[in-house]
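As structure tokens, the structure follows; a few thoughts come after it.
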Amino acid sequence: MTTGIVRIGAYIPYYSITREVIAAAWDARPSPGERSLCNADEDSVTMAGEAAVNLLRGVERDTVDGLYFASTTAPYVEKSHATLLAKVCDLADTVDVSDFANCTRAATQAVRAAFNAVEASSARSVLVTAADARNGYPKSAQEQMFGDAGAAVLIGDTDVVAEIVASVSVNNEITDLWRNREDDFVRSGEGRFIKGHGYTSSLIGAVKALVAKAGISLDDVTTFVLPTPGLKDHLGVAKALKVPAEKVQDPLMTLVGDCGTAQPLLLLAAALGTASAGDLIVWTSYGNGADALLLRVTDRIADLANRDQIGHLLASRRQLAGYPRFLSFRGLLEAQPGEPYKITPSTTVYWRDRNSILALHGGTCRKCGLTTFPINRICFDCHSKDEYDEVRLYDQPFSLFTYSVDQLAGRSDDPMIGQAVAEAPDGTRIYLLITDFRSEDIAIGMPLEATFRKMHELGDFKNYYWKLRPVRTGRGA
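Just so we're aligned, residue 54 is where the sequence shown starts under our numbering, counting upward by one.
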């Protein structure tokens with residue numbers, strides 16, 4: 054049995070901000086490039102959900118037996134996020150779910166757990182999701198170096214594109230990066246100490262242990278995927294291992310930044326996008342130690358869906374012009390409040406309608422075939438009662454049927470609100486808000502895709518729902 058990576062998905066937010074803009078706010082020296090930035094309606098759950106939904110397009114949901122979620126910035130302190138994402142992904146209530154947290158190595162720890170589950174025949178496949186939106190202190194290096202992103206990988210033993218040949222894990226009890234429960238920002242120790250005795254030594258130790266366990270030499274490896282907290286730290290690891298720089302995967306630090314738990318998965322997605330059958334990939338992650346996995350690319354790599362997803366996402370971004378909006382989008386600077394939602398959220402109603410709210414289910418009439426959203430007990434067309442099947446709508450390619458744009462209805466830092474009626478190829482129409490758009494680009498008939506977003510936190514819990522946006526990922530195109 055060959056167990057490994059079946060599919061991989063990535064998500065990079067629509068917004069980015071140049072490090073020059075961040076540095077200018079403090080009269081500081083900028084680092085090169087830009088960093089990704091999640092919108093005000095995004096968080097770690099929505100970004101992980103985006104990557105997972107993108108990955109699952111065309112996958113039979115009933116073959117997925119588990120979902121793991123990894124993040125250091127999960128929105129709830131006490132509540133399962135994996136359960137929420139399992140509903141977003143429209144998986145069965147019987148799938149195994151688990152949250153991995155507190156360490157930037159959490160995603161590869163989840164991957165190793167998923168691998169063990171499949172190897173033990175406890176699961177046919179397991180979906181591992183990861184996302185982070187960490188905050189660095191204002192004016193700190195981390196403020197420029199951090200980035201927001203999500204990623205997902207499906208581990209299974211059928212149609213494997215990259216076999217997991219061997220893996221090792223080393224732990225290192227070092228207080229290098231940490232965040233207390235009440236902290237908004239990631240704390241760090243002295244730079245040379247934490248890199249030398251934490252990041253660098255752990256990665257070198259893990260890679261050496263991996264190649265020894267696998268019985269290969271470093272020269273046999275095609276690509277090294279090394280996460281990095283800075284622009285060149287990964288090259289220091291490569292130099293210490295005597296690995297040529299051209300064998301090291303671009304860490305996307307000048308385009309995305311250090312995206313925490315999602316970084317190893319995001320970089321692997323980029324590496325697999327250009328990989329060939331027979332390639333050996335050393336895939337690593339760091340966080341109070343290091344994980345290292347040896348992957349062998351199979352002939353199935355030619356069939357890997359959406360191989361250029363990183364390129365699509367980077368090509369469809371928009372730069373944020375101002376530092377104040379960067380802070381307000383992250384909840385670090387409170388702008389003037391807008392009109393509050395005039396609703397009273399209910400956890401009971403949220404649970405009752407969870408299929409429609411979280412998995413965007415509509416209803417298809419068994420008598421006449423009409424699909425409607427929201428679900429109606431009475432068919433608009435043939436008037437049959439309770440004769441419908443629930444169907445997932447977010448996989449549909451939509452086109453814009455009609456819309457309105459209000460320049461004053463939103464938050465004071467982002468006042469424009471777009472509302473749209475979108476139409477699927479079968480004529481199903483759906484009314485949702487629009488996000489991640491420029492008003493001048495909106496046109497009747499343009500392709501749209503559904504995107505999972507955070508709506509508000511009334512009722513002291515996170516209220517999620519779906520919006521529409523111009524196509525970015527290839528879904529809906």
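Using N, Cα and C, we set each Cβ at its ideal position, and we do this for glycine too.
Bear in mind that the values here come from a model prediction, so they are computed numbers and not experimental data.
**Report entry** Per-residue burial, P484 [other beta carbons within 10 Å of its own, 16 or more giving buried]
**Finding:** Sequence check: residue 484 is Tyr here, not Pro. Classification of Y484: exposed, given that the 10 Å Cβ count is below 16.
Query raised in the report: D361 to A262, Cα distance in whole Å?
Result: C-alpha of D361 to C-alpha of A262: approximately 32 Å in a straight line.
**Report entry** I334: first and last residue of the uninterrupted beta strand (DSSP E) it sits in
**Finding:** From DSSP, the beta strand (DSSP E) with I334 extends over L333 to Y339.
Query raised in the report: Below 8 Å, can you find three or more Cβ-Cβ pairs linking the stretch 459-472 to the stretch 396-413?
Result: Judged by Cβ distances under 8 Å, the stretch 459-472 makes no contact with the stretch 396-413, as fewer than three pairs qualify.
Query raised in the report: So, is E299 buried or exposed, given that buried needs 16 or more other C-beta atoms within 10 angstroms?
Result: Result: exposed.
Query raised in the report: How far does the alpha helix (DSSP H) with R378 in it reach, from first residue to last?
Result: R378 -> alpha helix (DSSP H) spans Y376 to F382.
Query raised in the report: Looking only at DSSP bridge pairs, what is Q472 linked to?
Result: According to DSSP, Q472 bridges with S457 and L486.
Query raised in the report: Of the residues M508, P523 and W519, which one's Cα is nearest the Cα of D94?
Result: Selected option, being the one with the closest Cα: M508.
Query raised in the report: Quick one: what's F451 bridged to in DSSP?
Result: DSSP lists L501 as partners of F451.
Report task. To the nearest angstrom, report how far apart G57 and K292 are at their CA atoms. Result -> Each residue's alpha carbon lies about 29 Å from the other.
Requested in this report: Compare the C-alpha of K266 against each of T276, V335 and G310 and name the closest.
Outcome: Nearest C-alpha to K266: V335.
**Report entry** Sequence-distant residues of the same chain with beta carbon closer than 7 Å to G326, five excluded per side
**Finding:** Answer for G326: R360, D361 and I363, listed in chain order.
Query raised in the report: Using the C-alpha atoms, what's the distance from S124 back to L357?
Result: Distance from the CA of L357 to the CA of S124, rounded to the nearest whole angstrom, comes to 26 Å.
Query raised in the report: So L446 packs on F426, CB below 8 Å; how close in whole Å?
Result: Their Cβ separation, rounded to whole angstroms, is 6 Å, which keeps L446 and F426 in contact under 8 Å.
Query raised in the report: Is it buried or exposed for D143, if we count other Cβ within 10 angstroms and need 16 for buried?
Result: Answer is buried; the Cβ neighbour count reaches 16.
**Report entry** I431, DSSP secondary structure in three states
**Finding:** I431 sits in a strand when the DSSP states are folded into three classes.
Query raised in the report: DSSP state of T71, grouped into three classes?
Result: Note: T71 maps to strand in three-state DSSP.
Requested in this report: From the DSSP output, read off the bridge partner residues of R522.
Outcome: BP columns for R522 point to E502.
Report task. Say whether the stretch 195-215 touches the stretch 57-68, bearing in mind that this needs 3 or more beta-carbon pairs closer than 8 Å, one atom from each stretch. Result -> By the C-beta criterion, the stretch 195-215 is judged to be in contact with the stretch 57-68, since at least 3 inter-stretch pairs fall below 8 Å.
Report task. Could you check how far apart the C-beta atoms of I337 and L385 are, in whole angstroms? I think they sit under 8 Å. Result -> The sequence given here places Thr at residue 337; Ile does not occur at that position. Not confirmed; about 31 Å, so no contact.
Query raised in the report: How is E226 classed by DSSP in three states: helix, strand or coil?
Result: In this structure, E226 counts as coil in the three-state DSSP scheme.
Query raised in the report: So, are the CB atoms of R430 and K438 less than 8 Å apart?
Result: Taking 8 Å as the cut-off, the beta carbon of R430 is found closer than this to the beta carbon of K438.
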